[in-house]
Each structure stands twice: as structure tokens, then as C-alpha cells.
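Count along the sequence shown from 1, add 87, and you get the number used in our numbering.
Here a beta-carbon is modelled for each residue, glycine too, at the ideal position from N, C-alpha and C.
A quick note: this is a predicted structure, and the numbers were derived from the prediction, not measured.
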Amino acid sequence: MGKYRVCVRVALFIAILLFGYACKESGKNEDDGAVHADSLSALSQSTDSLGADSLIAKTDSLGKPIKYSTAVDSSKIVHNFSLSDSVHITRPYQRKDIKVKALYLTGWTVGLSARLNYFIDLANKTEINSYVVNIKDDDGFVAYKSNLTAVNNIKGWVNAYNVEKVLEAFHSNDIYIIGRLSCFKDPVLAEARPELAVKSKKGGVWRDPAGRAWLNPYNRDVWKFIVDIAKEAVNKGFDEIQFDYVRFANDGDYKDMDFSQYTEKKYEAIANFLKYAKEAMPNVKISADVFGIICVSSGDTEGIGQHLEHVGKDIEYLSPMVYPSHYALGQVINGTTFSKPDLEPYKVIYNTLMKAKSRIALVPQYKAQMRPYLQDFTAKWIGPGNYKSYGAMEVRQQIQAVYDAGYEEWIFWNAANRYSADAYLHPELYKVTPKVIAADSVNASKKTVVVTPKKILLLPILLPKKLP
Numbered sequence: 088m089g090k091y092r093v094c095v096r097v098a099l100f101i102a103i104l105l106f107g108y109a110c111k112e113s114g115k116n117e118d119d120g121a122v123h124a125d126s127l128s129a130l131s132q133s134t135d136s137l138g139a140d141s142l143i144a145k146t147d148s149l150g151k152p153i154k155y156s157t158a159v160d161s162s163k164i165v166h167n168f169s170l171s172d173s174v175h176i177t178r179p180y181q182r183k184d185i186k187v188k189a190l191y192l193t194g195w196t197v198g199l200s201a202r203l204n205y206f207i208d209l210a211n212k213t214e215i216n217s218y219v220v221n222i223k224d225d226d227g228f229v230a231y232k233s234n235l236t237a238v239n240n241i242k243g244w245v246n247a248y249n250v251e252k253v254l255e256a257f258h259s260n261d262i263y264i265i266g267r268l269s270c271f272k273d274p275v276l277a278e279a280r281p282e283l284a285v286k287s288k289k290g291g292v293w294r295d296p297a298g299r300a301w302l303n304p305y306n307r308d309v310w311k312f313i314v315d316i317a318k319e320a321v322n323k324g325f326d327e328i329q330f331d332y333v334r335f336a337n338d339g340d341y342k343d344m345d346f347s348q349y350t351e352k353k354y355e356a357i358a359n360f361l362k363y364a365k366e367a368m369p370n371v372k373i374s375a376d377v378f379g380i381i382c383v384s385s386g387d388t389e390g391i392g393q394h395l396e397h398v399g400k401d402i403e404y405l406s407p408m409v410y411p412s413h414y415a416l417g418q419v420i421n422g423t424t425f426s427k428p429d430l431e432p433y434k435v436i437y438n439t440l441m442k443a444k445s446r447i448a449l450v451p452q453y454k455a456q457m458r459p460y461l462q463d464f465t466a467k468w469i470g471p472g473n474y475k476s477y478g479a480m481e482v483r484q485q486i487q488a489v490y491d492a493g494y495e496e497w498i499f500w501n502a503a504n505r506y507s508a509d510a511y512l513h514p515e516l517y518k519v520t521p522k523v524i525a526a527d528s529v530n531a532s533k534k535t536v537v538v539t540p541k542k543i544l545l546l547p548i549l550l551p552k553k554l555p
């Protein structure tokens, strides 16, 4: 019976992996892996651990099977606890200076040995030299066993992966690992400690359209909680901390949020949080994910606390999510109108970054370098005629736009972690041919690209030599 179960599990894993590759038609990435959050892919939900050495544990911090929900059993929560763990960075931290070329991976992905080995192999064979891996996602759970009292008091971790083993595997292959930490979108702490949550003007806790509570970005106790998790992650071996959801909520009845007691502007609160984090971890590289639209909008137009001229003053890297699919139809970027932005990945990325560069140049001692998040997913929800299938050609166009804008680093996003591997395995097939375009408002000599692949190769499935 034991051998039968192993065979079934292996067969299931291979079938799911085949399905992931079948989603790519002519090198296109057809999955809707767009939401900038750690959605559990079919692979993660359906595949159990594949042997004794698997890096995933399907139990939570109570030792119970994981339920994929942010609901917390209030009877098991310790209330009114201190958020002060007095965490200190004790690991000898060595700053590594590399030009990051990365993909985003969920905790559930790296928790599967075969998937982990696949991405290590991909990095060893391509220009990929880094991965962004979840520390804490916007579901509020730390993705591995945490020793922090505050996290354990709210039952705030799941064993998605063995952090020590995973980081050791990456580092032994000279792969740089950035830890992604969701900040203020944290329903676990917000439900356990409602006094730390955003309040409604009607009374009680404010909630977004999905019913989730958000942490109050003005609250300094919340800052401490987030930074303590970051410090613990550095001690475990992460090379860099990347703060995501470092903003106020943008969905729902935002006018009902009650911040009447605060005189600090929203963008000042976010900038001050990042300054606080940097002062708490002065030797650690820190980056932050921000909306791509802030590169184009003046001030904090969206009201989320992200103001380009302020948000990057104290940290090393800023990662605007400049996905072409996320711009509105008819969006004006750097003086150019894009009726259907998703159809023009090169021009959208290039103009966004050039606009940001021109603004940052006017800010004295601006610290952050640009390292944008780029799109490796197909945005079907935009509607027929408004989107295109994204694959290796679109990936290379976006990379070229980054380089042409004068930047050297990038990260690709796909929520399900199904990437256009041939874009990195065979970049020579996607050489770009410059073609003069109409002058933009920043640099009249810049050129766009027309990508003409010589041939689309069908890649073999890269499985580890030995299944775990």
C-alpha cells in the first residue's frame, strides 16, 4: 500500500507539471497568475509531500492540517500580548552586491522538493540569479515556523517550507534570495488585535470588499511587529528584505476609514515606516514594492501612502509593479497615450521608467534604485482585444525596456509560478531589432523593439534526476 501511494503521488505530480507546461501555447503563458499575492496554485493545493525528505509540512503552528483560509480560531488566541520580542540580528550578515534578475516564488512552491530543484536548475542554466520567496504573504501567515512570541500568540505561521533547508539549497548554488514580507494587509494580526486594525467611522473595524481587516499603517506597534519578523528572517539567512503591501488599503469604502486622530499624511506614514525599518536594520538591504502608477501620478494621487518622491528616500531598492495589464485603457504615460497598454509592453515599461527617472533626478540624495516587477502572465480579464498572450517574446521586450531606460535589474511576477522558461533558457532566439518610434517627452532618440524569434522551441520538462 505504501509503494502504491508513492506511485500515485509521483504520477499526480508529473500530471500537474505537464498541465503547467500545457498552459503555454507557442511559448505563451496563458495562466492568469496576475494578482500580486501568494495565491495557492493547483499544484500547491493538490500535491502532497513526496517522501521523507520533502521540504513541505502540511501542518500549521498547532500541528493541525493546514486549512487554506485566513480565519483564526479566537479561542486559541492570546490577547493583549506584548509585540516586543526584542529581536536582534545575530547572524553575521554580509551584503551581496549583484544585479538582480529574479522570479517570484511562493512558499508552497519552494516547499516541494521537485519544484525547488527545478528552479535551482533554471538559475544554474540561465541569467536568473535570484528569487523572491515569501516570508509572510497577504494572508497574514508567516510561511515557516517562527519563534517569535507575538507570531505564536496569534497562531500566525504555517509550515509551507523548511526555511533553513530551502535557503541552504539556494545559497549552495550561489542564488541570491529576497524575502517578501507583506506589511499592512495582514488579517491574522488585525483580527487577533483589532485595536491595531484600521477603524471604521461607523465604529468597529473597517473591512475591504472581501471582508478582510487591515493593519493601521500609522500604528508604531504594527511597525515593530513587521520589522521583528524581518529581523528573524535575516537571522534565518535571507539576503534582502522586500516589503510588499507597504500601503493603505485601496479597495472598498476608503472614505469610511477613520484616521481623524492622525496629523501625519499617509505618504509620510509609509515613508517613515521604511525609515524606521532601515534604522532597525542598517546593514540589511531593503526594498519595497509599490504600485506602478505612482511613477506616473503626481503626489499620492491614489491615496494609498505611496508618493514616488518620498517612498524611496531611505531604502536600497524600489520595485514598482509596472505590469502593462494593470494600467487603465487610455492611460497617459510620459506624454504618450496608450489606448490598450497590455498590447505594448516595451513602450509601457520604457515610458514608465523614464518618467520615474526624470522625477527622481530632481530629489536630492534619493537613495533607492529602480528594480521593477515585470509581467509574465496573460491578463484575459481585460477582455478580448485589450490583452495579448504573454510569453518569451513579451518577457524579452520588457527586459529590453528596462535596459534601454538605464536600469539593470528586474523581477518577473506570476502568482502561480509558471514562467516562460524559454525566455531565460534561450534568449538568443528573441533578439530585438530596434525600430525608430515617435519621440517621447523624455528622450527623442530612444527606440522600441520588434521581436522576431527565429524559431519557438519546445522545451523538455526539467525534472530533477531523482524525485524526492
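Out of the options, point me to the one whose CA is closest to residue i's CA.
i      : options                        : result
Asp273 : Val220, Trp468, Lys242, Gln484 : Lys242
Ala279 : Ala237, His258, Ala247, Lys289 : Ala237
Arg267 : Glu389, Thr439, Asp226, Tyr414 : Asp226
Tyr437 : Met408, Val419, Lys289, Gln485 : Gln485
Phe360 : Ala189, Gly198, Val314, Asn337 : Val314
His513 : Ala210, Trp195, Tyr180, Leu203 : Ala210
Ile630 : Ser374, Asn370, Val174, Asn421 : Not covered by the structure: residue 630. The range shown for the chain is 88 to 555.
Tyr341 : Gly194, Val285, Ile185, Glu515 : Val285
Ser426 : Gln462, Pro432, Gln418         : Gln418
Lys442 : Val489, Lys400, Trp468         : Val489
Pro432 : Ala466, Val292, Asn221         : Ala466
Asp308 : Leu276, Val292, Ser287         : Leu276
Thr439 : Asn260, Phe499, Thr350, Asn421 : Asn421
Trp310 : Asp261, Glu366, Ala448, Ser287 : Glu366
Are the CB atoms of residue i and residue j nearer to each other than 8 angstroms?
i      : j      : result
Val333 : Ile357 : yes
Gly339 : Pro296 : yes
Cys270 : Phe335 : no
Arg446 : Glu396 : yes
Lys289 : Asp326 : no
Ala364 : Ala317 : yes
Ile207 : Lys188 : no
Leu430 : Lys475 : yes
Using only the alpha-carbon positions, how far apart do residue i and residue j sit?
i      : j      : result
Ala479 : Tyr517 : 8 angstroms
Ser507 : Arg483 : 10 angstroms
Gly324 : Leu235 : 16 angstroms
Pro428 : Ala510 : 21 angstroms
Ile264 : Leu254 : 8 angstroms
Met408 : Asn246 : 28 angstroms
Phe378 : Ser412 : 13 angstroms
Asp527 : Leu190 : Because the pLDDT of Asp527 is 38, which lies under 50, any placement of that residue in the model is unreliable, and the number read from its coordinates should be weighed accordingly. Rounded to the nearest angstrom, the two C-alpha atoms are 30 angstroms apart.
Asn303 : Glu389 : 17 angstroms
Asn504 : Trp244 : 22 angstroms
Arg178 : Asn370 : 12 angstroms
Asn240 : Leu192 : 27 angstroms
Glu496 : Gln348 : 40 angstroms
Which of helix, strand or coil does DSSP assign to residue i?
i      : result
Thr193 : coil
Val383 : coil
Ser412 : helix
Ile185 : coil
Gln484 : helix
Asn337 : coil
Ala237 : helix
Asp509 : helix
Asn249 : coil
Asn359 : helix
Pro296 : coil
Phe425 : strand
Tyr517 : helix
Tyr354 : helix
Ile262 : coil
Ser113 : Its pLDDT being 35, under 50, Ser113 is placed unreliably by the model, and the measurement read from it follows with that caveat. Ser113 falls in the coil class under three-state DSSP.
Lys365 : helix
Pro407 : strand
Taking the beta strand (DSSP E) that residue i belongs to, which residues open and close that run?
i      : result
Gln329 : 327 to 331
Phe377 : The identity of residue 377 in the sequence shown is Val, whereas the question assumes Phe. That run of the beta strand (DSSP E) goes 372 to 378.
Pro432 : Element bounds for Pro432: not the beta strand (DSSP E) but the alpha helix (DSSP H), 432 to 447.
Val219 : 217 to 223
Leu302 : Run containing Leu302: none; DSSP gives neither H nor E here.
Leu461 : 460 to 462
Ile391 : Run containing Ile391: none; DSSP gives neither H nor E here.
Trp500 : 497 to 500
Tell me the residue span of the alpha helix (DSSP H) that contains residue i.
i      : result
Lys475 : Lys475 -> no alpha helix (DSSP H), and no H or E assigned at all.
Thr316 : At residue 316 the sequence reads Ile, which differs from the Thr that was named. Here the alpha helix (DSSP H) through Ile316 covers 307 to 323.
Asn211 : 200 to 212
Gly419 : The identity of residue 419 in the sequence shown is Val, whereas the question assumes Gly. Per DSSP, Val419 belongs to no alpha helix (DSSP H); it is in the beta strand (DSSP E), 418 to 420.
His397 : 395 to 398
Ala279 : 274 to 279
Taking 7 angstroms as the cut-off, is the CB of residue i close to at least one heavy atom of the ligand MG?
i      : result
Tyr494 : Ligands are entirely absent from the displayed structure, and the ligand MG is therefore not among its contents.
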